[in-house]
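Undergrad: Residue numbers (the numbering used here), protein chains in the order written: chain G, 1 to 297; chain R, 1 to 675. Glycine included, C-beta positions come from ideal geometry on N, C-alpha and C.
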Ligand SMILES: Nc1ncnc2c1ncn2[C@@H]1O[C@H](COP(=O)(O)OP(=O)(O)O)[C@@H](O)[C@H]1O
Ligand code: SF4
Ligand code: SF4
Ligand SMILES: [Mg+2]
């Protein structure tokens, strides 16, 4: 009973803590704007399949390149598809791919970084060399190679993006772990005879978690840009999947006379990137992490 | 002499809290600095002393702003000046030496070049005049071989020498006023004494006025003509140094002086309850009310004004100061502690212990052997009895922490053995020790900010050893945590707090509780009071002593502070460069004859008493490595007798009162040399 009470108490504390952090983030205008934008995009992505007025892949020669109107709020594209439908569904694609991509980046980057920080010495040296070597390959070339070998399904894109964007997280996680393991509370736990697993779990992870999460949030916005660039180049998700990068790429030749088909995806993409960026910054500030010193490069 | 250089009038400085409330951290501070006078500003961390000192050079830290009042330097208000005007004054008229002046030197520029830059900035001298001035300044701050000093880099100098360079740079512009913010904190005892002596000399020699800010009344006592005591953002007492130190008539100052351990007193210093209130938390009444033993109802409701007492030339902020007049004799008392039973069994034995940090060669690694002819710590033999407090003292780098770490199993020994209980050898590998041995030896660290996980509540922190060693859970776990908190005089409600929500003293109590949670036989204390304010230090020392008397724990107590060691320990071992110099019952180690190094250390202790001046017998040079052969202290020993000290390891000699000294000088002769 009693122990239950204690854990309940702790959970409440955790919720309260999360709420506290959100409140601090929202207390500054930039944080509030960021949060609002992200929230808007997430909600839109969740409900888009239900509110989309048209079928996103319905090609219709009769409705090619119509200007915005009451029927087609954002107009139609060169194949006669509704731009509004494709924009809100495009957000869903972008968010899903990059969210899971970031999750993968966080997982492998965070774990490898913590591992390197812990073991130190030769192994750490070798691993970091390899990571550095990867960092020096232009990621877009590598992505192109992967995509041309394995295809452009989301099952390929998500892990590939996750892999490339995890490298920076390795560095941050490693540096944070290095800082923490020198602290006396770790020495104290070792001297008491706690197992390595218990030390990692109880002493190290809680103290590096914040730095890693902030880095992950930052990487998310970069991944979004990267993912859209891939699509733009034709190596992202394959048509007719609605996707901002793809939409921009398809419509860019028509800019001069059918500007509407390109404005909406551009606004969507840039606002989401800015939103995530502002949120990540506010998140870092609320956790008391100075990103200028923790920056990976 | 009576010309006033700087005058602070009704100064209040504050900040806006997150809730938009204005909170003051300095309240109504007024004081005058006269020409040629050294004023010591003393207070605990957070009392506002640095804020005051910075304001006196027209600098307000970011986020703070002046609420009212002025800082008049030669009748001009520094707080109203433009940054242009201030630039003309800073460095030329008012110079400042910060705490870590060594770190403020640019690492890749030669000393001479940096002083030259200061001269260019603050004087109108030409090149040849400047060169002459540089060697003059280096001479003035008494750096060794000033001719070559100008061509050296900061990292080639010891901490004390870097501090001297900082003094030289500050003097470059011939300032009228020199501000020093904790200039000797962090330096070794002997170095500290030397730097203070230099400052006193410079004040006299140049007639510069000085403001000396410190938490350390011992240091303040050595340099100040007048002392200002700050508490919670207010001046509570101000007057001539001698009066303040000998007849403190404010309850806080009185308690502070009583809580400082003194070399002449064997027992524990009396402690003050509680800790300094946070800015903004006092709404009415005297800010010292909840810690004061003279407080009455009047103090709760009304806050006292700073009252001038003409016959004492003193200002005091207290309604009841009269009760403290003529109480001075009481300052020289302490709490006697129960001394240890000398017949008790041995619980820990260090036998021929050597420890090396040297990087091992490949072959030695293969053979799992450590080869180092000149290890960091060598030939340590100490037998520790159950229930005693044995102290290891020495300057930083003398190997105190290294020895503690190897007792705890965190560091492999090179040679020798560590035996626990009845001659059972403890493995020098932590992983090979059995859980009960791990439980039996616990550690407490210097800085609780580092030793407590900032992401854990007090409850989580204390439950770790309880779960690990005793498998407790549920009700029983909680009951044990509450018991532990009670033992260290903290209430149950601390359970849900995070370390950042606690004061320094409270944090250290939690660290103490965590060590006792294991029901240990031995606790290794590494400088456990060094990061605490004096008034809090006394309370922690008393707590440790009480717990030991109740539970029969053995302490290995590491400290650089000889007065603290005197207060808490039964036996003392003095270390220099990782070698033992002297060991014996503490009352004897503090009496002559002493090992020459002990003599140097004792001479350098700064006591809060203007009549006890430090004796500077040895140079404050820093040695990087212990010597290959001979006596470890040969490089600095003021009593060195000749080649034998360089070539042969001195023998142990046992004095008549039981302390063992390792020196080539015959112990009786040593006694007569030291009187
Ligand atoms: N991890 C380390 N690696 C190499 N040398 C060290 C290390 N820790 C301490 N030392 C050296 O060992 C000597 C003793 O240090 P330490 O035990 O920390 O002394 P103390 O606790 O008395 O200040 C010093 O010369 C110090 O520079
Ligand atoms: S005014 Fe009262 S509470 Fe304040 S110091 Fe004096 S006696 Fe103590
Ligand atoms: S042996 Fe020589 S150098 Fe060492 S302490 Fe004695 S006199 Fe000094
Ligand atoms: Mg130490």
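Return yes when the C-beta of residue 442 of chain R is under 6 Å from any heavy atom of ligand 3, and no when it is not.
TA: Start at 1 with the first residue of the second chain, and residue 442 of chain R comes out as number 442. The answer is no for residue 442 of chain R.
Undergrad: Counting only Cβ-Cβ distances shorter than 7 Å, please list the residues of the region 376–408 of chain R near chain G, keeping chain order.
TA: Listed by position, the residues of the region 376–408 of chain R near chain G (Cβ gap below 7 Å) are 408.
Undergrad: Leaving out the 5 sequence neighbours to the left and right, which residues in its chain are closer than 8 Å to residue 613 of chain R when beta-carbon positions are compared?
TA: Reading the second chain from its first residue, position 613 is the one you call residue 613 of chain R. Around residue 613 of chain R: 222.
Undergrad: Does the beta-carbon of residue 20 of chain R have 16 or more other beta-carbons within 10 angstroms, so that it is buried, or is it exposed?
TA: For the purposes of this step, residue 20 of chain R is identified with residue 20 of the second chain, where counting begins at 1. It counts as exposed.
Undergrad: Evaluate the contact criterion for the region 455–466 of chain R versus the region 189–206 of chain G: three or more CB pairs, one atom per stretch, below 8 Å.
TA: Enough Cβ pairs lie closer than 8 Å, so yes.
Undergrad: Could you say if the region 368–388 of chain R and the region 624–642 of chain R meet the contact criterion of at least three C-beta pairs nearer than 8 Å?
TA: Yes, since at least three Cβ pairs between the region 368–388 of chain R and the region 624–642 of chain R fall closer than 8 Å, the two stretches touch.
Undergrad: Between residue 19 of chain G and chain R, is there a C-beta pair that is closer than 7 Å?
TA: Counting from 1 along the first chain, the entry for residue 19 of chain G is found at position 19. Not one chain R Cβ lies under 7 Å of residue 19 of chain G.
Undergrad: I'd like to know if residue 117 of chain G contacts chain R, where contact means its C-beta is closer than 7 Å to some C-beta of that chain.
TA: Within the first chain, numbered from 1, the residue matching residue 117 of chain G stands at position 117. So no, residue 117 of chain G is outside the interface.
Undergrad: Rounded to whole angstroms, what is the Cα-Cα separation between residue 49 of chain G and residue 138 of chain G?
TA: In the first chain, residue 49 of chain G corresponds to position 49, counting from 1. In the first chain, residue 138 of chain G corresponds to position 138, counting from 1. The alpha-carbon atoms of residue 49 of chain G and residue 138 of chain G are separated by roughly 36 Å.
Undergrad: Between residue 465 of chain R and chain G, is the shortest Cβ-Cβ distance under 7 Å, so that the two count as touching?
TA: As a first step, residue 465 of chain R is located in the second chain; it is residue number 465 there, counting from the start. At least one chain G Cβ lies under 7 Å of residue 465 of chain R.
Undergrad: With a Cβ-Cβ cutoff of 7 Å, do residue 403 of chain R and residue 573 of chain R count as a contact?
TA: If you number the second chain from 1, residue 403 of chain R lands on position 403. If you number the second chain from 1, residue 573 of chain R lands on position 573. Not closer than 7 Å, so no.
Undergrad: Could you tell me the alpha carbon to alpha carbon distance between residue 125 of chain G and residue 182 of chain G, rounded to whole angstroms?
TA: Position 125 of the first chain, counted from the first residue, corresponds to residue 125 of chain G. Position 182 of the first chain, counted from the first residue, corresponds to residue 182 of chain G. Answer to the nearest angstrom: the Cα atoms are 18 Å apart.
Undergrad: Closer than 8 Å by C-beta to residue 43 of chain R: which residues in its own chain qualify, once you throw out the five before and the five after it? Chain order, please.
TA: Working through the second chain from its first residue, we reach residue 43 of chain R at position 43. So the list reads 49, 215, 229, 230, 231, once near-sequence residues are dropped.
Undergrad: Using DSSP's beta-bridge definition, name the partner residues of residue 572 of chain R.
TA: Translated into the one-based positions of the second chain, residue 572 of chain R becomes position 572. Partner(s): R:391, R:584.
Undergrad: For the region 170–219 of chain R, list the beta strand (DSSP E) runs that are entirely contained and at least 3 residues long, ordered along the chain.
TA: Entirely contained in the region 170–219 of chain R, the beta strand (DSSP E) runs reaching 3 residues are, in chain order, 177–181, 209–214.
Undergrad: Closest Cβ-Cβ distance between residue 421 of chain R and chain G: below 7 Å?
TA: The residue you call residue 421 of chain R lines up with position 421 of the second chain. Not closer than 7 Å to any Cβ of chain G, the Cβ of residue 421 of chain R fails to qualify, so no.
Undergrad: Is there contact here, the region 171–182 of chain R with the region 90–100 of chain R, by at least three beta-carbon pairs under 8 Å?
TA: Yes, since at least three Cβ pairs between the region 171–182 of chain R and the region 90–100 of chain R fall closer than 8 Å, the two stretches touch.
Undergrad: With a Cβ-Cβ cutoff of 7 Å, do residue 525 of chain R and residue 557 of chain R count as a contact?
TA: As a working note, residue 525 of chain R is residue 525 in the second chain. As a working note, residue 557 of chain R is residue 557 in the second chain. Yes.
Undergrad: Run through the region 222–266 of chain R for me and flag every whole beta strand (DSSP E) of 3 or more residues, listed as ranges in chain order.
TA: Segments of the beta strand (DSSP E) lying fully in the region 222–266 of chain R: 226–231, 234–240.
Undergrad: Residues with a Cβ closer than 6 Å to any heavy atom of ligand 2, in chain order?
TA: Those residues are R:251, R:286, R:288, R:289, R:292, R:294, R:295, R:299, R:304, R:318, R:319, R:320, given in chain order.
Undergrad: Do we get a CB-CB distance below 7 Å when we pair residue 183 of chain G with the residues of chain R?
TA: Position 183 of the first chain, counting from 1, holds the residue named residue 183 of chain G. Chain R contact via Cβ: present.
Undergrad: Could you check whether the Cβ of residue 596 of chain R sits closer than 6 Å to any heavy atom belonging to ligand 3?
TA: Walking along the second chain from the start, residue 596 of chain R turns up at place 596. Correct: residue 596 of chain R has its Cβ closer than 6 Å to ligand 3.
Undergrad: With a threshold of 6 Å (Cβ to nearest heavy atom), would residue 283 of chain G be considered close to ligand 3?
TA: Within the first chain, the letter at position 283 stands for residue 283 of chain G. Not so, every heavy atom of ligand 3 lies at least 6 Å from the Cβ.
Undergrad: Would residue 155 of chain R be called buried (16 or more neighbouring beta carbons within 10 Å of its own) or exposed?
TA: Residue numbering aside, residue 155 of chain R sits at position 155 when the second chain is read from its first letter. Residue 155 of chain R should be labelled exposed.
Undergrad: Find the residues of chain G that neighbour residue 493 of chain R, judging by a C-beta separation of less than 7 Å, and give them in chain order.
TA: Along the second chain, one-based indexing puts residue 493 of chain R at 493. Those do not exist, as residue 493 of chain R stays about 13 Å from chain G at its closest Cβ, beyond 7 Å.
Undergrad: Just checking: is the beta-carbon of residue 445 of chain R within a distance shorter than 7 Å of some beta-carbon in chain G?
TA: Sequence index remark: in the second chain, residue 445 of chain R carries index 445 (1-based). True, the Cβ-Cβ gap to chain G drops below 7 Å.
Undergrad: When the Cα atoms are used, what is the spatial distance from residue 319 of chain R to residue 294 of chain R?
TA: Indexing the second chain from 1 puts residue 319 of chain R at position 319. Indexing the second chain from 1 puts residue 294 of chain R at position 294. Approximately 9 Å, taken between the alpha carbons.
Undergrad: Between the region 108–115 of chain R and the region 156–174 of chain R, do three or more beta carbon pairs fall short of 8 Å?
TA: Enough Cβ pairs lie closer than 8 Å, so yes.
Undergrad: Mind checking whether the beta-carbon of residue 653 of chain R lies closer than 6 Å to any heavy atom of ligand 3?
TA: Residue 653 of chain R sits at position 653 when you count from the first residue of the second chain. Result no, Cβ not under 6 Å from ligand 3.
Undergrad: Quick one: complete beta strand (DSSP E) runs, 3+ long, within the region 435–520 of chain R?
TA: Segments of the beta strand (DSSP E) lying fully in the region 435–520 of chain R: 441–444.
Undergrad: For residue 406 of chain R, does the three-state DSSP call read helix, strand or coil?
TA: Taking the first residue of the second chain as position 1, residue 406 of chain R is located at position 406. Here residue 406 of chain R sits in helix by DSSP.
Undergrad: Just the Cα atoms here: how many angstroms apart are residue 493 of chain R and residue 597 of chain R?
TA: For the purposes of this step, residue 493 of chain R is taken as the residue at position 493 of the second chain. For the purposes of this step, residue 597 of chain R is taken as the residue at position 597 of the second chain. C-alpha separation (whole angstroms): 48 Å.
Undergrad: Nearest-angstrom Cα distance between residue 578 of chain R and residue 638 of chain R?
TA: By 1-based counting over the second chain, the position of residue 578 of chain R is 578. By 1-based counting over the second chain, the position of residue 638 of chain R is 638. So the two alpha carbons sit approximately 19 Å from each other.
Undergrad: Give the residues of chain R in contact with residue 206 of chain G, contact being defined as C-beta atoms less than 9 Å apart.
TA: One-based indexing of the first chain puts residue 206 of chain G at position 206. Residues of chain R passing the Cβ test: 453, 454, 455, 456.
Undergrad: Assuming residue 347 of chain R is part of the beta strand (DSSP E), what are its boundary residues?
TA: In the second chain, residue 347 of chain R corresponds to position 347, counting from 1. Residues 346–355.
Undergrad: Using a cut-off of 9 Å between C-beta atoms, extract the partners of residue 502 of chain R located in chain G.
TA: Position 502 of the second chain, counted from the first residue, corresponds to residue 502 of chain R. The premise fails here: residue 502 of chain R is roughly 15 Å from chain G at the closest Cβ pair, so nothing lies under 9 Å.
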